[in-house]
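One structure is given below, encoded as structure tokens.
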Amino acid sequence: LAGPPSPPGQDPHGWRVPVDCVRANELCAVEPSCSSRYRTLRQCLAGRDRNTMLANKECQAALEVLQESPLYDCRCKRGMKKELQCLQIYWSIHLGLTEGEEFYEASPYEPVTSRLSDIFRLASIFSGMDPATNSKSNHCLDAAKACNLNDNCKRLRSGYISTCSKEISATEHCSRRKCHKALRQFFDRVPSEYTYRLLFCSCKDQACAERRRQTIVPSCSYEDKEKPNCLDLRNTCRTDHLCRSRLADFHTNCQASFQSLTSCPGDNYQACLGSYAGLIGFDMTPNYVDASTTSITISPWCSCKGSGNMEEECEKFLRDFTENPCLRKALPHPPPHPAPSSRGAAPHKHLLPPGNAIQAFGNGTDVNLSP
Amino acid sequence: ATFGLYFPRKEYSENVYIDQPAGTPLLRIHALRDSHGEAAHFQLCQNLIVSRARSHENHWFQIREKTGLLYLSKSLDREDFNMLSVGNWMPLSKVMLYVFLSSHPFQEKECDSATRTTVFLSLINATAPACSTLTARQLCFMEMDLSFHIKENKPPGTFHQLQLPSVHHLCQNLSISYKLLAAEGMPFRYNENTTGVSVTQRLDREERERYELIAKCTVREGFREMQVEVPFLVNVLDEDDSPPFLPNGTDTADAVVEFNRKEGTVLATLTVYDADTTPIYPLESSRKKYTGTIITDDPWISETFRVEHIFDEIHFSPNGSQVRGTQHEYKLVLNKSISVTEHRSFQLDVLVNDTEFHGPERSVMLHFNVSILPVSIQFPNMTYQFTVNRNAERFAQIGKICIENCMKFRGVNITYKLLSPNVSCYPVSILQGREGKWGSLYVNDSSVLRRPECKEIQYTIQATDKQSRKHTKTLLTIVLEGTLLKKEEDCPDSCAVSKHRAECEECGGLGVLTGRCQWRQGSGKGITTNYSTCTPSIKTCPDGTCDAIESKDPAVCPQDCTSGNIIGGHGKGTGNLGIKSGHGICYCFPRQNCYCEKDDIKEQLCDEVCKTVI
Numbered sequence: 002l003a004g005p006p007s008p009p010g011q012d013p014h015g016w017r018v019p020v021d022c023v024r025a026n027e028l029c030a031v032e033p034s035c036s037s038r039y040r041t042l043r044q045c046l047a048g049r050d051r052n053t054m055l056a057n058k059e060c061q062a063a064l065e066v067l068q069e070s071p072l073y074d075c076r077c078k079r080g081m082k083k084e085l086q087c088l089q090i091y092w093s094i095h096l097g098l099t100e101g102e103e104f105y106e107a108s109p110y111e112p113v114t115s116r117l118s119d120i121f122r123l124a125s126i127f128s129g130m131d132p133a134t135n136s137k138s139n140h141c142l143d144a145a146k147a148c149n150l151n152d153n154c155k156r157l158r159s160g161y162i163s164t165c166s167k168e169i170s171a172t173e174h175c176s177r178r179k180c181h182k183a184l185r186q187f188f189d190r191v192p193s194e195y196t197y198r199l200l201f202c203s204c205k206d207q208a209c210a211e212r213r214r215q216t217i218v219p220s221c222s223y224e225d226k227e228k229p230n231c232l233d234l235r236n237t238c239r240t241d242h243l244c245r246s247r248l249a250d251f252h253t254n255c256q257a258s259f260q261s262l263t264s265c266p267g268d269n270y271q272a273c274l275g276s277y278a279g280l281i282g283f284d285m286t287p288n289y290v291d292a293s294t295t296s297i298t299i300s301p302w303c304s305c306k307g308s309g310n311m312e313e314e315c316e317k318f319l320r321d322f323t324e325n326p327c328l329r330k331a332l333p334h335p336p337p338h339p340a341p342s343s344r345g346a347a348p349h350k351h352l353l354p355p356g357n358a359i360q361a362f363g364n365g366t367d368v369n370l371s372p
Numbered sequence: 003a004t005f006g007l008y009f010p011r012k013e014y015s016e017n018v019y020i021d022q023p024a025g026t027p028l029l030r031i032h033a034l035r036d037s038h039g040e041a042a043h044f045q046l047c048q049n050l051i052v053s054r055a056r057s058h059e060n061h062w063f064q065i066r067e068k069t070g071l072l073y074l075s076k077s078l079d080r081e082d083f084n085m086l087s088v089g090n091w092m093p094l095s096k097v098m099l100y101v102f103l104s105s106h107p108f109q110e111k112e113c114d115s116a117t118r119t120t121v122f123l124s125l126i127n128a129t130a131p132a133c134s135t136l137t138a139r140q141l142c143f144m145e146m147d148l149s150f151h152i153k154e155n156k157p158p159g160t161f162h163q164l165q166l167p168s169v170h171h172l173c174q175n176l177s178i179s180y181k182l183l184a185a186e187g188m189p190f191r192y193n194e195n196t197t198g199v200s201v202t203q204r205l206d207r208e209e210r211e212r213y214e215l216i217a218k219c220t221v222r223e224g225f226r227e228m229q230v231e232v233p234f235l236v237n238v239l240d241e242d243d244s245p246p247f248l249p250n251g252t253d254t255a256d257a258v259v260e261f262n263r264k265e266g267t268v269l270a271t272l273t274v275y276d277a278d279t280t281p282i283y284p285l286e287s288s289r290k291k292y293t294g295t296i297i298t299d300d301p302w303i304s305e306t307f308r309v310e311h312i313f314d315e316i317h318f319s320p321n322g323s324q325v326r327g328t329q330h331e332y333k334l335v336l337n338k339s340i341s342v343t344e345h346r347s348f349q350l351d352v353l354v355n356d357t358e359f360h361g362p363e364r365s366v367m368l369h370f371n372v373s374i375l376p377v378s379i380q381f382p383n384m385t386y387q388f389t390v391n392r393n394a395e396r397f398a399q400i401g402k403i404c405i406e407n408c409m410k411f412r413g414v415n416i417t418y419k420l421l422s423p424n425v426s427c428y429p430v431s432i433l434q435g436r437e438g439k440w441g442s443l444y445v446n447d448s449s450v451l452r453r454p455e456c457k458e459i460q461y462t463i464q465a466t467d468k469q470s471r472k473h474t475k476t477l478l479t480i481v482l483e484g485t486l487l488k489k490e491e492d493c494p495d496s497c498a499v500s501k502h503r504a505e506c507e508e509c510g511g512l513g514v515l516t517g518r519c520q521w522r523q524g525s526g527k528g529i530t531t532n533y534s535t536c537t538p539s540i541k542t543c544p545d546g547t548c549d550a551i552e553s554k555d556p557a558v559c560p561q562d563c564t565s566g567n568i569i570g571g572h573g574k575g576t577g578n579l580g581i582k583s584g585h586g587i588c589y590c591f592p593r594q595n596c597y598c599e600k601d602d603i604k605e606q607l608c609d610e611v612c613k614t615v616i
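Here the protein sequences line up with chains A and B, keeping their order. To get the working numbering, take the position in the first sequence, counting from 1, and add 1. To get the working numbering, take the position in the second sequence, counting from 1, and add 2.
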């Protein structure tokens, strides 16, 4: 409607650059008026909903003062030191300010500004070939090889694979908690040019797609004896600061928008892929539901069975994974002849693939936003 | 429970542009009634929610209390825009407003009515577009799906207006008309004059819970005509208006307690259906909604039994369309283990209550015919006799001792004991098997086997039930046979150490039955459970479980019990114990590592005879 929006990073009216909440908390602590107000506000928020809080004059005053402090706009970075502490500070303020159960929550993480093409540049160095030209190669296998050539990636990958495949007893197939932790370490500490290639490799045959599905050892980290209801799962996730933050980040960066060429917010594929990977290792771990090569369906381990009158809301929540034009539901059939490489030359607008982060990653295309 | 008036949508959305004049209508909000004669009053809360819970006083938007029309009361200039998008790094800022609903005129700005809907306004950083630049889709419908919910059993009413007030206001020279397709025979009506869509009768979710229509829009501009069709969905919300009922009238089930007497055993299950939905989220409230209570004044019954209630969504088709219902299962479960001496039968009644249904048939009675049978602790009427080879080594497994039906027992703990008459010859001991079902006999002192004066040894075996102290006895005869073999020099004490068939079969080791280890020849196909290995007895080792006797000493069967490293291609067993599968030949040094590897050293092809030929 309004033409292409300005890409993030270009700031039309100079807002304050957010500091991280740990730092903001330190800044607030040395300033008596701020620290006492922050304490007051936390007491106000403890176990009360927004409206009763705002009805109290003292609470309202504390809130007004804090709106001007760096605490109010602080954010966190993914994988930063003291990430959990940072998120605890963030939610200590924001949990009481939102109206409770909102469908979409704003991400507490700083926006991602790097572009997909940086990863491709690195990716092609490792593969030693252009991913778009070689039609016979198995990209998922190449990704595993590339990971094994890097000490850090190899160590953390074999770490999570052995943790997730360790049988505990005849009844307990593996320790899900430890497996999730190992997966989080892998995705937090290994550079994304390795992890994304493993997770989002493009496939032309079933063996490759099965390898892609198996990347996160789904029998331990994903599947469970029973499928919970998605709203129930969301609730469980929201009781945990980290999971809640990652889910909010996913919603912020992958929410399909009709305002852009690619269906992704700000045309930023990288941010969406990053927040998808950021969900792995939590209750809301998403994965490929099967090894199909023609259509990609992604979903957390839940269903909308038993939603009662909340079925509409449940399906809306699930559709953000299963039918999300930004994350993209269907892979196109492989082209009949090798497609020319789209990198290097600016692609023609009408030749652009339909917007979708996973597919774009697999094809090695990036969106060119030149007007 | 009455809800009063309600909104047919959870949220609404619209775009707002810079410098749109005051008085511009934005969107129309509808409310549906709970009972006849209610009139809706709409009101906005004082604050806008900008990004991240930051609120801002609302100076720009107002709603008509009676009609629900949201409009601009003050134009937003660029400065307002900048103020409202502070702290928002997304390229598109949104503000949120809450619209409240009441059946009485509002006295003041109340912000705490339970019934509210959310309006998202996207602030577009540009002036309003010219009508000619808008696509038909943008002229006709908002981005959001046309999806509504209507409660069952409520009076009819108008719940949506297809025409977009903002577009209608902006593009007055365009002719935009709508139609509702696929609506024949459905309880909805489209009014062309107001473009309103109304529901014409009370709906019943148990008959149909989803209506899928199509909204069609035609835009005419001179000779040009454009058409757009979008899905128009109506979901019917459920309320508890159906009583529980029994499938085929089955309200009785038999529950027999015999060999399985363990706490947690499910004895019988009865099913109750309900045409209403039962949400599994949040679970606790649904559990309270549907109760199952044991009706008894006998404290023993209420201590010994409990009822477990699980429910699941099922589908039934009243007239071709699929409707969700609920299947409740009530399971009669043992709350504690029952003694083997207990003997009684009675009828146990469970009252199932649908607490939210307001009608006479809100409850059903379920009956369980419970029979608790006693079980006898006795040996099958025979005496046990085992022969043991004199060359057997310590921890050799001789056989199993088991009272009648012992393998069927659950929750009954039997202890097996040997009462020895003559203490001089006492080579065997007994160990409890898993879950106290059987006893395993094994050689405890192999030096006794070598003594010539010990030939035939008589034991009495006693089996005792832990709980009731009931016990039973039988005779056991151990016959020693075989001639003593000469012990090989420098043999390891564990069979598992041997790597080759030849050295395996000429040595003994812990746990062997006849003085010599046995060789298991595997299939040799990659990593397999059938790997080659040397073992005291192929029957018990490796069999994938580290049993009570094997776990007495790590040298008996490391293939089942090792917790150390395994070097080579392998798969570990359950609980990280033992080698479940291996590549080639697996051998172990007890208390150290195990190795699985392909054996490349071929057996000698030539013996003495063939050498002379060459």
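Just so you know, even glycine gets a beta-carbon here, dropped at the ideal spot from N, CA and C.
Distance between residue j and residue i (C-alpha atoms, nearest Å)
i: residue 194 (chain B); j: residue 164 (chain B); result: 10 angstroms
i: residue 158 (chain B); j: residue 107 (chain A); result: 38 angstroms
i: residue 215 (chain A); j: residue 125 (chain B); result: 43 angstroms
i: residue 282 (chain A); j: residue 183 (chain A); result: 8 angstroms
i: residue 330 (chain A); j: residue 235 (chain A); result: Low confidence applies to residue 330 (chain A): its pLDDT is 33, below 50, so where it sits in the model is not reliable, and the reading given next is rough at best. Roughly 21 angstroms between the two C-alpha positions.
i: residue 555 (chain B); j: residue 544 (chain B); result: 15 angstroms
i: residue 392 (chain B); j: residue 412 (chain B); result: 37 angstroms
Short CB-CB distance (under 9 angstroms) between residue i and chain A
i: residue 156 (chain B); result: no
i: residue 333 (chain B); result: no
i: residue 571 (chain B); result: no
i: residue 178 (chain B); result: no
i: residue 239 (chain B); result: yes
Cβ shell of residue i (< 6 angstroms), same chain only, five flanking positions each side left out
i: residue 319 (chain B); result: none
i: residue 229 (chain B); result: 220
i: residue 223 (chain B); result: 176
i: residue 169 (chain B); result: 141
Residue i burial status per 10 Å Cβ neighbour count (16 or more: buried)
i: residue 252 (chain A); result: buried
i: residue 339 (chain A); result: Residue confidence is low: residue 339 (chain A) scores 36 on pLDDT, short of 50, so the model does not pin down where it sits. Its coordinate-derived value is still stated next. Its Cβ having fewer than 16 others within 10 Å, residue 339 (chain A) is exposed.
i: residue 104 (chain A); result: exposed
9 angstroms Cβ cutoff, residue i in contact with chain B
i: residue 236 (chain A); result: yes
i: residue 233 (chain A); result: yes
i: residue 312 (chain A); result: yes
i: residue 160 (chain A); result: no
i: residue 264 (chain A); result: no
i: residue 171 (chain A); result: yes
i: residue 325 (chain A); result: no
i: residue 308 (chain A); result: yes
i: residue 168 (chain A); result: yes
Supposed close pair residue i, residue j - CB separation, criterion 8 angstroms
i: residue 230 (chain A); j: residue 293 (chain A); result: Their Cβ separation, rounded to whole angstroms, is 25 angstroms, which puts residue 230 (chain A) and residue 293 (chain A) out of contact at 8 angstroms.
i: residue 212 (chain A); j: residue 154 (chain A); result: Between residue 154 (chain A) and residue 212 (chain A) the Cβ distance is about 16 angstroms, and since that is not below 8 angstroms, they are no contact.
i: residue 218 (chain A); j: residue 165 (chain A); result: 4 angstroms
i: residue 420 (chain B); j: residue 432 (chain B); result: 5 angstroms
Cβ-based neighbour list, residue i, same chain, cut-off 8 angstroms, excluding 5 preceding and 5 following
i: residue 257 (chain B); result: 269, 270, 334, 350, 370, 371, 372, 373
i: residue 635 (chain B); result: Residue 635 (chain B) falls outside the range modelled here, since chain B spans only 3 to 616, and no answer is possible.
i: residue 145 (chain B); result: 15
Beta-carbon contacts of residue i that lie in its chain and below 7 angstroms, excluding the five residues immediately before and after
i: residue 345 (chain B); result: 374, 375, 376
i: residue 324 (chain B); result: 317
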